[in-house]
Amino acid sequence: MGRGNPASPSSGAPTTNGEYHVAGQDQIAQIGILEQALLWLKLNVISIAGAFAVLIIGLIVAGAVSRAVERALKNSSKFDPTVADFLSSLVKYAMWALVLVTVLAQFGVETTSILAALGGMALAVGLALQGTLSNVASGVMILVQKPFKVGESISAGPVTGTVEEIGLFTTQLKQFDGLFVMVPNSELWNQAIINFTRHPTRRFELVVGIAYGDSMEQARGELLSLAKADERVLADPEPVTFVNSLDDSSVGIGLRVWCATPDYLALSWDLTEKAKARFDDVGISIPFPQREVIQRAA
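With the first letter of the sequence shown counted as 1, position 211 gets the number 211 in UniProt numbering; the numbers rise by one all the way through.
Put into structure tokens, the structure is as follows:
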């Protein structure tokens with residue numbers, strides 16, 4: 001008497017059928033969804049406030065860090081603006097993911113499983129987009145290493161032309177015949193790239209064959225005088241002439257000159273034409289292969 005019922009639901013003791021009842025469980029079950037939501041908010045108000053604080057502060061910090069990285073990269077001459085935008089966006093999204101995981105941890109969510117799932121998704125996406133990611137990686141390397149820039153003329157494998165645009169996935173070129181070419185960055189990066197316009201000066205070499213009976217010294221002197229008479233030929237390094245080869249029907253006389261890169265093509269055309277005209281004027285012959293056919297009667 002006065003001890004109470006040991007099997008009473010309010011006492012939390014086990015009933016005869018082995019079930020447990022928590023005090024007030026029936027009352028909570030009887031209230032509406034709105035009341036349950038309000039009760040949950042009251043119990044988790046500190047966690048909710050902390051999560052919102054982390055979310056707002058995290059987004060502000062992510063934006064500030066992203067802008068700071070973008071400014072720092074764009075102010076550096078080593079980084080192309082496209083690379084600066086890409087890397088700053090990468091930093092921003094990485095910080096967003098970190099903020100999201102931190103917010104979920106405020107509510108007691110097990111973040112280890114989330115990170116494992118995200119890692120699996122990233123691996124699957126990486127395998128599916130292997131070619132595309134390879135182009136992006138090559139594009140970043142091209143923009144960072146700068147083997148060529150917009151406006152420069154290059155040759156890489158079968159492609160030769162002037163660079164018009166460098167993107168993260170492809171590079172656009174205009175061939176010397178006016179055709180448009182779009183090349184995946186991975187193909188460019190895996191080729192030996194020849195940049196025709198990177199350096200301010202270029203060397204031009206001309207070899208003209210003369211007959212064995214003609215004077216090699218005279219031929220060298222005529223080529224050297226042509227080079228020195230042209231204003232586009234640089235004095236340093238000075239032009240030189242030499243005997244390049246002893247061929248079957250001619251002696252190859254060589255001329256090497258240096259010029260400004262923009263003058264290279266026109267100078268090569270002019271010197272070649274002037275060399276033929278000068279040799280004709282002074283009587284130096286330029287032999288060509290000949291074949292003699294003798295027909296005998298049977």
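Using N, Cα and C, we set each Cβ at its ideal position, and we do this for glycine too.
The structure presented is a predicted model; accordingly, all values stated were derived computationally and were not measured.
Item                                                                                                              : Value
Cutoff 8 Å; reference residue 89; Cβ partners in own chain excluding five residues on either side                 : 66
Through-space distance from residue 74 to residue 61, alpha-carbon basis                                          : 20 Å
Cβ distance (whole Å) where residue 251 is taken to contact residue 209 below 8 Å                                 : 7 Å
Start and end residues, alpha helix (DSSP H) containing residue 220                                               : 216 to 229
Separation of residue 200 from residue 225, as counted between CA atoms                                           : 24 Å
Residue interval of the alpha helix (DSSP H) (run including residue 276)                                          : 264 to 282
Continuous alpha helix (DSSP H) stretch holding residue 188: start and end                                        : 185 to 189
Among 247, 135, 249, 204, nearest to residue 239 - alpha-carbon criterion                                         : 204
Beta-carbon gap between residue 185 and residue 139 smaller than 8 Å                                              : yes
Residue 286 vs residue 276 beta-carbon contact at 8 Å                                                             : yes
Whole beta strand (DSSP E) elements within the stretch 147 to 172, 3-residue minimum                              : 153 to 156, 159 to 166
Between the CA atoms of residue 100 and residue 262 - distance to the nearest angstrom                            : 55 Å
Burial state of residue 33, where buried means 16 or more other Cβ atoms lie within 10 Å                          : exposed
Collapsed DSSP secondary structure at residue 142 in the structure displayed                                      : helix
Residue 150, buried or exposed, once every other Cβ within 10 Å from all chains shown has been counted against 16 : exposed
Under the three-state DSSP convention, the category residue 197 falls into                                        : coil
Separation of residue 95 from residue 49, as counted between CA atoms                                             : 20 Å
Integer-rounded CB distance, given that residue 180 should sit under 8 Å from residue 153                         : Going by Cβ atoms, the distance from residue 153 to residue 180 rounds to 15 Å, so no, they are not a contact pair.
Euclidean distance between Cα positions of residue 241 and residue 215                                            : 14 Å
Proximal residues to residue 272 (C-beta, below 8 Å), its chain only, five neighbours per side dropped            : 206
Nearest-angstrom Cβ-Cβ length linking residue 166 and residue 143, presumed shorter than 8 Å                      : 6 Å
Buried or exposed by the 16-neighbour rule on C-beta atoms within 10 Å, applied to residue 6                      : Residue placement at residue 6 is flagged as unreliable, the pLDDT there being 47, under the threshold of 50; a coordinate-derived value is accordingly withheld.
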